[in-house]
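Heads up: the structure comes next, in structure tokens.
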Amino acid sequence: DAEITQSPRHKITETGRQVTLACHQTWNHNNMFWYRQDLGHGLRLIHYSYGVQDTNKGEVSDGYSVSRSNTEDLPLTLESAASSQTSVYFCASSLLTSEGTDTQYFGPGTRLTVL
Amino acid sequence: SQQGEEDPQALSIQEGENATMNCSYKTSINNLQWYRQNSGRGLVHLILIRSNEREKHSGRLRVTLDTSKKSSSLLITASRAADTASYFCATAPWGAQKLVFGQGTRLTINP
Numbered sequence: 001d002a003e004i005t006q007s008p009r010h011k012i013t014e015t016g017r018q019v020t021l022a023c024h025q026t027w028n029h030n031n032m033f034w035y036r037q038d039l040g041h042g043l044r045l046i047h048y049s050y051g052v053q054d055t056n057k058g059e060v061s062d063g064y065s066v067s068r069s070n071t072e073d074l075p076l077t078l079e080s081a082a083s084s085q086t087s088v089y090f091c092a093s094s095l096l097t098s099e100g101t102d103t104q105y106f107g108p109g110t111r112l113t114v115l
Numbered sequence: 001s002q003q004g005e006e007d008p009q010a011l012s013i014q015e016g017e018n019a020t021m022n023c024s025y026k027t028s029i030n031n032l033q034w035y036r037q038n039s040g041r042g043l044v045h046l047i048l049i050r051s052n053e054r055e056k057h058s059g060r061l062r063v064t065l066d067t068s069k070k071s072s073s074l075l076i077t078a079s080r081a082a083d084t085a086s087y088f089c090a091t092a093p094w095g096a097q098k099l100v101f102g103q104g105t106r107l108t109i110n111p
């Protein structure tokens, strides 16, 4: 069965370190998204991609970067981790359609703690 | 900023009762979607309603959409303990492939 996976599931790091969160999907979806979820803020979009070599900034992109070298993977990098980036991170994917936004399929999340 | 605003933020009812959650949004949309999130898990898609639709059903779920009022409601009938979760509405702007999520409604079903 197709799926979307994230790794690691839990990560503790120190302020200033570079951290990369992995996201891998086997749905063959063109669209991939990264969100962060914080209490009181719901889900906020960090970065998204509509296909290989395409990346776009979302609502809260400062301090984060992504790259898309293939269809299956969209790794999220925190260039220099800050305590404000302590959060739960979700990756999602969806079909690219001409009719507008389709259903998004979410990974299980990565809980990141920055000390 | 969030486009969708859910109301109420939290809802607690007895098993067997119906649960209604509302979502309001600000701009024109292509479709509106509802997702469920169990504690510690990722979001799961429940239902999608397009801007030219007014009502949609899926099992015990009923979703309505009023584009003139920019609002939607999710009704869960005959609630079960397993329905305990957070529910999010997400709006799909025209011309974009991304969603904008609200802050969610936390639903608790008491046995």
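Sequence order for the protein chains is A and B.
Quick note on numbering: the first sequence equals residues 1 to 115 in this note's numbering.
Quick note on numbering: the second sequence equals residues 1 to 111 in this note's numbering.
Even for Gly, the Cβ is constructed at its ideal location relative to N, Cα and C.
In this text the structure is predicted, and so the values were computed from the model without any measurement.
Neighbourhood of residue i by C-beta, 8 Å cutoff - its chain only, sequence neighbours within 5 removed
| i | result |
| --- | --- |
| L115 (chain A) | I12, T13, E14, T15, S83 |
| Y50 (chain A) | N30, N31, N56, L96 |
| Y52 (chain A) | Per the sequence shown, residue 52 (chain A) should be read as Val rather than Tyr. Here the set comprises R68, S69, N70, T71. |
| R54 (chain B) | T64, L65, D66 |
| R9 (chain A) | P108, G109, T110, R111 |
| Q18 (chain A) | T77, L78, E79, S80, A81 |
| S7 (chain B) | Per the sequence presented here, residue 7 (chain B) reads as Asp, with Ser not at that position. Once the five neighbours on either side are set aside, the close Cβ partners of D7 (chain B) are M21, N22, C23, S24, T105. |
| W94 (chain B) | S28, I29, N30 |
| E5 (chain B) | C23, S24, Y25, G102, Q103 |
Neighbourhood of residue i by C-beta, 6 Å cutoff - its chain only, sequence neighbours within 5 removed
| i | result |
| --- | --- |
| A22 (chain A) | S7, P75 |
| L95 (chain A) | H29, D102 |
| Q104 (chain A) | A92, S94 |
| A2 (chain A) | T26, W27 |
Interface partners of residue i on chain E, CB under 8 Å
| i | result |
| --- | --- |
| T103 (chain A) | Within the model displayed, chain E is absent; protein chains A and B are what it includes. |
CB contact flag (residue i, residue j, <8 Å)
| i | j | result |
| --- | --- | --- |
| I47 (chain B) | I109 (chain B) | no |
| L45 (chain A) | K98 (chain B) | yes |
| L39 (chain A) | F101 (chain B) | no |
| L61 (chain B) | I49 (chain B) | no |
| D93 (chain A) | W27 (chain A) | Going by the sequence as given, residue 93 (chain A) is Ser instead of Asp. It is a contact, given that the beta carbons lie within the stated cut-off. |
| S86 (chain B) | G104 (chain B) | yes |
| Y35 (chain A) | F90 (chain A) | yes |
| N116 (chain B) | S58 (chain B) | What the structure shows of chain B is the stretch from 1 to 111, and residue 116 (chain B) is not part of that stretch, so it cannot be assessed. |
| G42 (chain B) | F106 (chain A) | yes |
| G100 (chain A) | N31 (chain B) | yes |
| Q37 (chain B) | F88 (chain B) | yes |
| L75 (chain B) | N18 (chain B) | yes |
| H24 (chain A) | D54 (chain A) | no |
| P111 (chain B) | A82 (chain B) | no |
Contacts around residue i, its chain only, beta-carbon distance under 7 Å, and the 5 residues preceding and following it disregarded
| i | result |
| --- | --- |
| T84 (chain B) | L107, T108, I109 |
| S87 (chain A) | R36, Q37, D38, L112 |
| S61 (chain A) | I46, H47 |
| E15 (chain B) | S79, R80, A81, I109, N110, P111 |
| S121 (chain A) | Limits of chain A in this structure are 1 at one end and 115 at the other, which puts residue 121 (chain A) out of reach. |
Helix, strand or coil at residue i according to DSSP, with G and I counted as helix
| i | result |
| --- | --- |
| D7 (chain B) | strand |
| D1 (chain A) | coil |
| D125 (chain B) | Since the first and last residues shown for chain B are 1 and 111, residue 125 (chain B) lies out of range. |
| A19 (chain B) | strand |
| A85 (chain B) | strand |
| W34 (chain B) | strand |
| A22 (chain A) | strand |
| T113 (chain A) | strand |
| T15 (chain A) | coil |
| S7 (chain A) | strand |
| K26 (chain B) | coil |
| A78 (chain B) | coil |
| R50 (chain B) | strand |
| K56 (chain B) | strand |
| S1 (chain B) | Confidence in S1 (chain B) is poor, its pLDDT being 45 and thus under 50, which makes the residue's placement unreliable; the coordinate value appears in the next sentence. Coil, per DSSP. |
| R106 (chain B) | strand |
| T91 (chain B) | strand |
| S12 (chain B) | strand |
Practice item. Jot down the residue ranges of each uninterrupted beta strand (DSSP E) in the region 29–97 of chain A, minimum 3 residues, whole runs only, in chain order. Key: 31–38, 42–51, 54–57, 64–66, 76–78, 87–94
Exercise for review: Below 7 Å between beta carbons is the criterion; list the residues of the region 48–66 of chain A that meet it against any residue of chain B, in chain order.
Suggested key: Y48, Y50
Review point. Between the region 6–17 of chain A and chain B, which residues of the former have a C-beta closer than 9 Å to a C-beta of the latter?
Key: Along the region 6–17 of chain A, the positions whose C-beta sits under 9 Å from a C-beta of chain B are Q6, read in chain order.
Check your understanding: Taking any Cβ of chain B, which residues in the region 15–37 of chain A have a Cβ under 7 Å from it, in chain order?
Key -> N31, F33
Review point. Using a beta-carbon distance cut-off of less than 8 Å, what residues from the region 86–97 of chain A approach chain B?
Key: F90, A92, S94, L96, T97
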